[in-house]
Every structure is written in structure tokens, then in C-alpha cells.
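Position in the sequence shown (from 1) plus 7 gives the number in the numbering used here.
A virtual CB, placed ideally from N, CA and C, is assigned to each residue, including glycine.
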Amino acid sequence: MNLDDPNLYLNRELSWLDFNERVLEEAFDKENPVLERLKFLSITSSNLDEFFMIRVAGLKEQEEAGYAGRDPSGMTATEQLKAISIKVHELVERQNNCLHRSLLPALKKENIFFLKLDEFDGEQKEYIERYFIDTVYPVVTPMAIDQSRPFPFLQNRSINLGVVLEQEEQPLFAVVQIPPVLPRLIKLPSKRGECFTFMGDILKSHMNRLFSGYHIRDIHAFRITRNADLSIEEEDAHDLLIEIEKSLQRRRWGFPVRLEIERGMNVELREYLKEMLELADEDIYVSGPPLDLTLWMKFLQLKAFDNLRYPKALPQASPDLYGQDDLFKIIRDEDTMLHHPFESFQHISDLVYKAAEDPRVLAIKQTLYRVSGNSPIIDALVHAADNGKQVTVLVEIKARFDEESNIQWAKTLERAGCHVVYGLVGLKTHVKMLLVVREEDDGIRRYLHLSTGNYNDTTARLYTDIGLLTVRDQLTTDASALFNVLTGYSLPPRWKAFAVAPYNLRETFLRLVQSEIDNASRGYEARIIIKINSLLDKECIKKLYEASIAGVRIDLIVRGICCLKSGIEGVSDNIRVISVVGRYLEHSRIFYFQNRDNPKFFLSSADLMPRNLDRRIEVMFPVEDERLRKRLKSILEIVLKDTVKARLQFPDGKYKKVDRRGKPLVNSQEMLHKAAISRLRKFEKERISELASNPVLRSREKA
């Protein structure tokens, strides 16, 4: 069997588009509340923006450079671009059908209306007239295009109105940008329900005020997507911070990769825009109105309509940490695991605050990849520096689309007296790691938090992630060594427990799979379960194929890109692939190897992608505590039983909802949330019983 055969691999970009279609399915799913469906629709649009700005832009650069190489599925850059165009045109059409045929009618039934100008009553017309004169007119800028005023350089993802004017039967062109400082959805006074209208429609109806004396032949919206992938020669950069700040300015003006035009735009305007932007027909996507479905995210921030959203599901306190003042003692006594968003991220914020306040804490070291707007972690680190702790923070300023935010956080931390570093040249630091060094009666002890997700209190409510708190010597020693590699000139050591990319993580994974292959060849039952976001590293896929051929039973839970094909006779018929797309974004990475009924469990910050394994600092770490290993196995088993939000991959790479016939309805995310509630309630009952029977403990509790 030739495991290099391109027919055994799915194309990365097309696999990602299949994932985005699964997200869109959630927008169509009437079992979801209507505003949550609108959120999923908005997410598909946001996902496509990034896909074009990075992935499509990269393929266009390859095509322009004449690169003739093929990906593992056997496709050239040109072939991929053609396939992407066909698939995205179909996806955009489905997005529009979802909005206009399903979501807007559903919102109308809930007395939420999006009105055209001819649907306004007298009060609404008067309101919009005042709004235009007082707010819009002073801000908006019409831009004529002629010999002295060339086609303007329009910013990435800006919404513009293309205007065709007529003077003496000659067409003239102009552009009016919808001001990004103004809302795109305007709330109207209304005596019936909630009424809104679109900024684009307001501008269109008042365009004669901007071009008085001219006949307006046509007005239609368009939107440009540009290459936004930062290209930085780190080896030549004198100061990486300054270099990235310069590159962020260039991001707005990258070459165009996509033109979205409003349905109904006349051929004259379409061809003019295509010529000015130097794009081909396959780069043009007809959509709307309105263009840019990400605008619905702002609408979803409205306070009302809670009945049209998911029921509130608050993160629960961890029974291991609930109500405990001495977090250090709890972690010292036994390893603790937190499963977000079902368990609260507040415990981690509390730990950093405790460390900042504790006079015995000498140092805090932490990696930060993506941080929230008002981060309690940043506040705690600043507080620690103010209290004289030695605080070292590795801020990854190359985290895509978070560069500007991370630069500001880095400067804030530096001003507070923290030692801030930016990692290693040529590598992104993606590991999630917090180390607290504390002086205790028996000497120096290190407290370590390792996680599959970022130190971001916002996404910790939206993403499923798992964190481990421990004082195990092998793990804390490796963490100290890795910080020394990241901040100094230390060479990577021989790791005691970590597998670290780009040094040995891939090799460790391949060795673990090979061990299961050896077990199967000796007649033992062999099994692998992997939960990750993306699977596209060819070496890893080939090794999984080898394991399947050897008889190893493999379950893969892959949320997004999966270039492996399951169910191919003689190759991957022992591999099952599912993707879970639900209320929360599946983000945790869990690895299980049966190991002759002495299971090995690992958590990791890394997906099985070349960029993670070759161009990032990542860590895969073992979970040794038997209690926590049982929890991890339970989590995996619950996800594998999902019959509500899971999709099963077929040999052609397509996904279909798991067949529910004869099976109980299992929504794994809801089940895991209920499990977190149950664990806490059980703890509270036991605690109440313990207090009732122990007067001494009761008096301490009151104190």
C-alpha cells in the first residue's frame, strides 16, 4: 500500500470549507434559538474573511510566483483556487438563503423587523431624515473618480457604495464609503415590535444630497477583501515590536483577493470595479443585501431578546477549589483539573491574584498568546510586579489578528516593571503555561498550570479547554527549563515529561502510535482516541493509517480541518472521524493510548499541523493522577456518544449528522455542563453533612 497516494488525502482548504459548512448548518438548525442561529451565520462570514485574507492570499502569491508544487492531495495552487471559488460561491448562496428565507422571517415572527425605506411610517421617515442631517452627512465623504482623482485605495473589509452618475449621457463613477465609525444597523422608533434599518439604505436614499446636479444611474454596495498575512523577516528585524507595528499598517493595503458585490449591480459597475481591482470573474461573489454578514454580531449584543438565545449556562466552581483560601495547599496535595467553560476560569485568575499577594511567592512566569480586552490576568501580573515579585511574561506579538492588542498589553506590563519577552526568532510561542515559584518551610516549590487554551477569560466561556494544576517535579522542572529556553540562550534539555515542538513533539506522537501498532501485532487490543482541532500533518496521518492497517481501533474527534480520509477499505477502515460543532467551540486537545490496559493520557496546546509541530513552541504533557485520567476518559466517551451535534466523516471526506436511530439523544456539551453542576452539588451536600457533624470545622468555617 502506497501511503503517499494523493487519493488518501483531502485538500486542506476544501476540508476547512467543509468545516465552515458545518457551522452554517447550525444557522439552519431550527432546534437552535433564532439569535444563536444568526450568530452562527455571522461566524461563517467572519471565518470566510480570514480564510480569504490568509489562505486564498497565500495561494494567489504561489500562483503569481509560478509555484508548481502540489499539496498531499495532489492539487496545485491554481487548482485549489478554482475549487475554492466553486465551493465558496455555493456557500455564499446558502448563506443568503439562510438569512432571507429562514432567519429574517423567523425574526419577523418574534416582532423584530428590518425595514426598507418604503416600509417606514411617517415618524420613522422623519427620524431618519434628522439622523442623516445631524449624524451621517457631516461624516460621509463622496469620492469622485476622474483624471485628477484616481480610483481610491479602499481599506480592507470596508463597505462602499459604487455610484454610477450620468452627465451628457457619459457615465461617471464615484465611491462613498459607509463610515465605519457609524453603526450599520439603525434602531427606529416603532409602535410595533423592534424595528431596524440598514445604514447602506439610508445613504442610498440620500445620495442626491451628495451628488446634487447629477443624474444617478445606479448605486450598489461592494466590499473588498485584501491580503492580510504579515510578512516579516524576523532575522533582519532590529526590533521585532517596531517591525510588527509597521506591518500592521501595511495589512490594510494588501492586494485584493475578493470582491463582494450586492445582488442586482449592473454589468457596467461590476466590470469597472473588476478592472480597477485587477480581479477575475471567479474572485467576485454576489451577496446581500446586506453585504458582510458579520454585522449581525453587533446586533446580537443588544440586551433584550433573552428568550431567543440559549438558556444561560454559567461556569461552575470546581469542587477541588471551591471556597478554598489556600489554593497552594490544594494544588500541593493533589493534581487538579479544570474543564472550561463548564468549570470557571475564575479559579486561574484567583491563583495569579493569590500569587501576587502572597509574601512567600518569589516569581511568576507566564506565556500569553491571546488576551481579553479587560484581562484580570494582566491586572494580577501588574499587581504582582507592584508588590515586588519577579514577573516574567512571554507575550506572543505575532498571534495573528491579535498583534496590536498584544503589543499594547506588552507595553502595559513593561511599564509596570514586568520583564517582557517576545519568544524565539522564527517561532510563535503557542504553549499555555503559568509557573509560580514560592518559598516554603521545606524549600522552594514550583506551582504549575498547563492548558490547552489561552489565558483569556472571555474565550474561556466560549471554548472547551482543559487545564492542569500540579506541583509534580518532572512537569515543573520541564516548565522551568522551557522558560529558560524562551527567555535566555539555554539549549533545549532532555525533557523529563514534556514533548515540546519543534524539538520532539511529532516524534513523541509517532512513537506513541507505533507502540499501539506493536501491541496490535502481538495480539493485544490496541486503541487510540485523539481530540484535536485540526489534523493535516502528513507524517502523523501516515502513521495513523499504518495503525489502522495493523488493526488499531482509532477514534478521531477533529473539529475543523481533517486531511485524513476515514473508512477506506484496507487503509483506514479502523478509523472513525467525527466533528462536533455546537454552542461552544471545541478547542481542547486530548490524546489517549490504550497501552495494554495501562492507558496513557496527554493534553496539549498543539494540533497535528505542520505549523504547530515545526514552527511553534508547543507542549504535550502527561496526566498522571488516576482520578483525573478517569475524568478525561469520561469526557472522551461522552463526546464520542454525541448524537445531536456530532457529524461523521465518510470516505469521500463529506460529513453527515450521526445516525440517531436506536440511540439516545446525547448533546455532549450539555451533558458535560450537567456533569459539572452535578459534581459541585455533590460536593456541597457532602460539605454540609461534614459541617453538621463536626462542630470544630463548623466554627472554623464561620470564622
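*Nearest CA to the CA of residue 402: which residue from 394, 372 and 381?*
372
*List the whole-angstrom C-beta distance separating residue 342 from residue 643, where the pair is believed to meet the contact cut-off of C-beta under 8 Å.*
Residue 342 to residue 643, Cβ: 18 Å. No contact.
*Quick one: Cα of residue 266 to Cα of residue 282, how far?*
11 Å
*Starting from residue 346, trace the beta strand (DSSP E) both ways and give me its first and last residue.*
343-347
*asked:* Rounding to the nearest angstrom, what Cα-Cα distance links residue 620 and residue 487 in this structure?
replied: 21 Å
*Under three-state DSSP, which class holds residue 711?*
Lying outside 8 to 710, the shown extent of the chain, residue 711 is not represented and no answer is given.
*Go to residue 150, then tell me how far its beta strand (DSSP E) extends in each direction, as first and last residue.*
149-152
*Could you tell me the boundaries of the alpha helix (DSSP H) in which residue 64 lies?*
64-71
*Excluding five sequence neighbours on each side, which residues of the same chain lie with their C-beta closer than 6 Å to the C-beta of residue 589?*
652 and 676
_Span of the beta strand (DSSP E) around residue 584_ = 582-587
*When the distance is taken between beta carbons, is residue 338 closer than 7 Å to residue 454?*
yes
*For residue 145, does the count of other Cβ atoms within 10 angstroms reach 16, so buried, or fall short, so exposed?*
exposed
*asked:* Relative to the C-alpha of residue 195, which candidate in 278, 334, 121 and 625 has its C-alpha closest?
replied: 121
*Around the C-beta of residue 260, are 16 or more other C-beta atoms found within 10 angstroms, so that it is buried, or is it exposed?*
exposed
*Straight-line gap, residue 489 to residue 627 (C-alpha atoms, nearest Å)*: 13 Å
_Residue nearest to residue 585 in terms of C-alpha spacing, selected from 641, 609, 658 and 625_ = 658
*What does residue 472 pair with, by DSSP beta-bridge criteria?*
347
*With a cut-off of 8 Å on the beta carbons, I'd call residue 31 and residue 47 a contact; round off their distance for me.*
7 Å
*What runs of the beta strand (DSSP E), each 3 residues or longer, lie entirely inside the segment 537-616?*
560-565, 582-587, 597-600 and 607-611
_Sub-7 Å separation of residue 711 and residue 42 beta-carbons_ = The structure shown does not extend to residue 711, since the chain is modelled only from 8 to 710, so the question has no answer here.
*From 596, 538 and 549, pick the residue whose C-alpha is nearest to that of residue 647; which is it?*
538
*Using the C-alpha atoms, what's the distance from residue 434 back to residue 497?*
16 Å
*Alpha carbon to alpha carbon, how far is residue 599 from residue 532? Give it in angstroms, no decimals.*
14 Å
*Verify whether the separation of the beta carbon atoms of residue 602 and residue 566 is less than 7 Å.*
no
*Strand pairing of residue 304, partner residues [DSSP]*: Answer is none; residue 304 lacks a bridge partner.
*alpha helix (DSSP H) containing residue 526: first to last residue?*
512-528
*Using the Cα positions of residue 310 and residue 152, report the straight-line distance between them to the nearest angstrom.*
42 Å
*Using the DSSP secondary-structure output, state which residues sit across from residue 393 in a beta bridge.*
DSSP output for residue 393 lists no bridge partner at all.
*asked:* Counting C-beta neighbours from all protein chains within 10 Å, is the total for residue 140 16 or more, i.e. buried, or is it exposed?
replied: exposed
*Closest Cα partner of residue 234 within the set 64, 28 and 75*: 64
*Of the choices 292, 263 and 269, whose alpha-carbon is the least far from that of residue 285?*
263
*Give a yes or no on whether the C-beta atoms belonging to residue 508 and residue 625 are separated by under 7 Å.*
yes
*asked:* Which same chain residues end up closer than 7 Å to residue 397 when comparing Cβ atoms and leaving out the 5 residues on each side of it in sequence?
replied: 369 and 370
*Between the segment 117-135 and the segment 201-210, do three or more beta carbon pairs fall short of 8 Å?*
yes
_Which runs of the alpha helix (DSSP H) at least 4 residues long sit entirely within the segment 349-436? Give them in chain order._
353-364, 383-393 and 410-422
*asked:* So, for residue 690: in the same chain, excluding its five sequence neighbours on each side, which residues have a beta-carbon less than 8 Å away from its beta-carbon?
replied: 326 and 329
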